[in-house]
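Be aware that the sequence shown starts at 1, since it is given in UniProt numbering, and climbs by one per residue. Ideal Cβ positions, reconstructed from N, Cα and C, are used throughout, including at glycine. It should be emphasised that the depicted structure is a prediction, and the values quoted were computed from it without experimental measurement.
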Amino acid sequence: MCIAVLLSGCETTHEQMVNHGYPPAYADGFQDGCSSGRQAAGLMVGNFRKNVPRYLHERQYETGWDDGFRQCHAMQNSEEQRQYHERFWDQRDREWEQEKDRGAAKAYRHN
Numbered sequence: 001m002c003i004a005v006l007l008s009g010c011e012t013t014h015e016q017m018v019n020h021g022y023p024p025a026y027a028d029g030f031q032d033g034c035s036s037g038r039q040a041a042g043l044m045v046g047n048f049r050k051n052v053p054r055y056l057h058e059r060q061y062e063t064g065w066d067d068g069f070r071q072c073h074a075m076q077n078s079e080e081q082r083q084y085h086e087r088f089w090d091q092r093d094r095e096w097e098q099e100k101d102r103g104a105a106k107a108y109r110h111n
């Protein structure tokens, strides 16, 4: 049991999808669409991949590609927003701490 769990951690998304019953054509499309979605969201490690003949003639590949693109594009955008908000609030926290320290320093100087 434990070995199966450990080995499943090494599977690619494509292998996991096929092992969970998704048709191989859907998994192929999802993988290509996901890579394309990450690239479109600005992540430079993803490549735009679309097998146009398959997309036009294989419904499962088309659906997988569309689903993969949307999901991975949204996930990448969400991650970028999270990082932006963390940086923004970290900066606000630092500014607040500095202002608080300046106020305390002023208060102590006048006493």
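| Query | Result |
| --- | --- |
| What are the start and end residues of each continuous alpha helix (DSSP H) run of 4 or more residues lying completely inside the segment 17-98, in chain order? | 24-40 and 52-57 |
| Taking DSSP as the reference, what is the three-state secondary structure of GLU11? | coil |
| Would you decide whether ASP101 is buried or exposed? Buried here means 16 or more other CB atoms lie within 10 Å of its CB. | exposed |
| How big is the Cα-Cα spacing for ALA41 and ARG70? | 10 angstroms |
| Work out the CA separation of ARG94 and GLU62 for me, nearest whole Å. | 48 angstroms |
| Hey, PHE48 and GLN60: beta-carbon distance below 8 angstroms or not? | no |
| How many Å lie between ASN19 and SER35 at the Cα? | 20 angstroms |
| Please confirm whether GLY29 and TRP65 have their CB atoms less than 8 angstroms apart. | yes |
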